[in-house]
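Remarks on the structure that follows.
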Amino acid sequence: MKVSSRLAVAALLLCGGVLSAQASGWVALLKNTPAEVYDDEDLQLFLSAAAKAVAAEDGQPVDWSNPATGSGGSFKPLGAAPSVKGLPCRKVRMTVYAKKRPQKSSNLTACKTPENKWKLATVG
12 MKVSSRLAVA
22 ALLLCGGVLS
32 AQASGWVALL
42 KNTPAEVYDD
52 EDLQLFLSAA
62 AKAVAAEDGQ
72 PVDWSNPATG
82 SGGSFKPLGA
92 APSVKGLPCR
102 KVRMTVYAKK
112 RPQKSSNLTA
122 CKTPENKWKL
132 ATVG
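Note that the sequence shown covers residues 12 to 135 in the working numbering.
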């Protein structure tokens, strides 16, 4: 499986799916970013940081890095976002980098389902 496909699948698993037809948003978000070259260990670190970030306090960054590959990034909860389909939502700033690749940042909105799972609602 291509790295970009693995990353998209891993991101969807982390978020438990999507609230709307934004599944392609993950692929678009990760395509042409440093995340395309992440190896399996990078992906594990990325996903672990993302899971911690949705539960972190606003403004408290959750950083990750892999010295072996030179990859890393951060997730920073930015605060409440408008509700989507009646669910409480948060904005998160995601930054990713990799060796010899320029850093890239994106804002995401994640919403908490009644089952206590965070799902991607919007990208951008």
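From the three backbone atoms N, C-alpha and C, an ideal C-beta is built for every residue, glycine too.
- Note on ASP51: under 16 other CB atoms within 10 angstroms of its CB, so exposed under the neighbour-count rule.
- In the three-state reduction of the DSSP assignment, PRO93 falls in the strand class, which pools E and B.
- In the three-state DSSP reduction, LYS63 falls in the helix class (H, G or I).
- TYR108 is bridged by DSSP to GLY83.
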